[in-house]
Structure formats: structure tokens, C-alpha cells
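Here the sequence shown stands for residues 56 to 318, where the numbers follow this note's numbering. As C-alpha cells, the structure follows; a few thoughts come after it.
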Amino acid sequence: MTGDPPSTDPVEPEDPAAPGRLAFSDPVVPGAVNLRDIGGLRAGATRTRYGVVFRSGNLARLGAKGGPALAGLGLRRIIDLRADDEVARDPSRTEGLDVVTQRVPLFLGSVDSFFRDDLSLDEMYRLIIEESSEGVVAVVRGILADQPVLVHCTAGKDRTGVTVALTLAAAGVDADEVVADYSRTEALLPARRNRYVVALIRSMHPRAVNVEDLVARSPAPVMRALLADIDQRYGSAAEYLRTHGLAHDEIVELRRVLLQRGA
């Protein structure tokens, strides 16, 4: 989640759902880790639209090739979920892009505090939905304001993962598809980056037992449990967003924006 080493240009990843087959639908932006389009996910009889919402890790290492490649996505808005200290340490290299940058720091505490307190992923995600609900709603409104839009944090795993999952579920995307999109992250984070960050965090918090989960893992059961918990407590992800301030008309608009016609 923090302290990513300098990265080399990524290669096209394999599709985790079909090993050996390349995930050609993923845009290639050199220096951008865990970048993908959330189009093509099943939502009942329809699917999510391509080219509307993208998700990724930070944009601090785009370089000479990455900037033009990112510009090629035609983004109108970038929503950055990182805290102020993360942005100061690794500022986005988006100079020259004609894009609105929306800052929505999604953690109320510092990133380091999650390692210090040795939280599990389940505990972290519960904190996000309970303590950062205003931010989650702000992200959804940012998605409604401009498209195409990119949502990102540092690794594109936890803050991005939870927010995108709630957005997809509220739009009516099948739960299995929401979980599958979340769990893809584990296969898309570079092994070199994972080793570096895990070693760094362990040097600072030698007694922590959840370091690898927090840094590099996106287990399907964790997201499945989160969605089930939201359904139990609120009735649905859409009702969670309504409870925390999103209007019914905005939910309707979210479905129009994200889903193919005929939904």
C-alpha cells in the first residue's frame, strides 16, 4: 500500500479467470499498476459499459510513455483516494492532461496505523464503510459528474476495491462479478513490488501478522463477506449509499451511466 519501488513498464497480464490467455481488455499504460476497465461485468441480462470507469494504483511513475498512454483513455476526471502524505510523497504525474482531479482521502487515520494496529482486511473494510461513508458517496458523485473517470489509491486494492465494489453492486452488477473484479488485483500487482513493500512494512512492524494481506492480497471471501454484511445491515449496496446521502435519482443515473442500454 505504501513505498512502491521504481517500476518498469508492465507487461500485459494474464487473465486470472483463464490462465494462459491475455486480458486484452486491460488498457496498457506504462508505469500504472493494476489498471483496468470495469466494463464487461454481468449485471443481470446486461453488462457494464467499457470506457466509462477505470481503476488503478497510483499515477506517480507514468514516465514519458505512460502520460500519453493515459491521455489516450480520454479521461475527464481522476478521483484520488490517497491521504495528503501519500500524495506529497508520490505526486501523480498527470501534467498536461485536461482532466479534473478530485481528492477524496478515504482513510480517517494514517495508512501506517493499519499496519501498526495489525488490522485484518475484514476490519479495514468495515472501517471504510463505517467511517468513510461520506467519501464513498463523494466518489460515486464524481463518477456521475464526468466520464470517463479513473478511481485510484496507492495500489488500487483496498480503498479503490471497496469503493468500486460498492458502486458496481449499487448499479446492479451481479455479486459474483463484483467479487471477481476485486479479486483480480492479487494477480495484477507485480511480485517485485509486493516483496519490496512487505519487507519494508515488516521492518517497521515486525510483530504484525496481516502484512501480506494488507499489501498484496485480495481474497474473494473477504469481498463476499463485505457485500453480505452490507446486504444484512442495509438491505443492499444501493440502500447503503442512500442511507449515507445519495439520492434515489442518483442511483438511477448510476445505473444509466454504468450499464449498457436495455438494462
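All C-beta atoms in this analysis are idealised placements derived from N, C-alpha and C, irrespective of residue type, glycine included.
Quick check on the DSSP output: what are the complete alpha helix (DSSP H) runs of length 4 or more inside the segment 139-217, in order along the chain?
139-144, 166-171, 176-186 and 188-200
Give me the residue from 308, 280, 264 and 223 with the minimum Cα distance to residue 172.
264
For residue 306, which option in 105, 199 and 177 has the closest C-alpha, if you only look at C-alpha atoms?
199
Are at least three pairs of beta-carbons, each pair with one atom in the segment 216-225 and one in the segment 252-271, less than 8 Å apart?
no
Mind checking which residues open and close the alpha helix (DSSP H) that includes residue 258?
246-259
Secondary structure of residue 92, DSSP reduced to three states:
strand
Rounded to whole angstroms, how far is the Cβ of residue 112 from the Cβ of residue 92, which I believe are closer than 8 Å?
Actually they do not touch by this definition, with Cβ atoms about 15 Å apart.
Out of 125, 195, 196 and 286, point me to the one whose CA is closest to residue 149's CA.
125
Residue range of the alpha helix (DSSP H) that residue 297 falls in?
292-298
Confirm, please, whether the CB-CB distance from residue 132 to residue 160 is below 8 Å.
no
Given a cut-off of 8 Å on the beta-carbon distance, is the pair residue 230 and residue 282 in contact?
yes
Start and end of the beta strand (DSSP E) containing residue 111?
108-111
Considering only their Cβ atoms, is the gap separating residue 152 from residue 130 smaller than 8 Å?
yes
Taking the continuous beta strand (DSSP E) assigned at residue 272, which residues delimit it?
Neither: residue 272 is in no beta strand (DSSP E) and is coded neither H nor E.
Does the count of Cβ pairs from the segment 290-301 and the segment 184-193 closer than 8 Å reach three?
yes
Distance, residue 252 Cα to residue 175 Cα:
17 Å
Can you give the Cα-Cα distance for residue 275 and residue 314, rounded to whole angstroms?
23 Å
So, for residue 256: in the same chain, excluding its five sequence neighbours on each side, which residues have a beta-carbon less than 6 Å away from its beta-carbon?
170 and 266
6 Å Cβ shell around residue 240 - same chain, five flanking residues per side excluded
89, 212 and 273
Drop a sphere of 10 angstroms on the beta-carbon of residue 100, count the other beta-carbons inside from all chains shown, and report buried for 16 or more, exposed for fewer.
exposed
Between the C-alpha atoms of residue 316 and residue 104, what's the straight-line distance to the nearest angstrom?
9 Å
Quick check on residue 235: does DSSP put it in helix, strand or coil?
helix
For the candidate residues 114, 158, 156 and 168, whose alpha-carbon lies nearest to that of residue 259?
168
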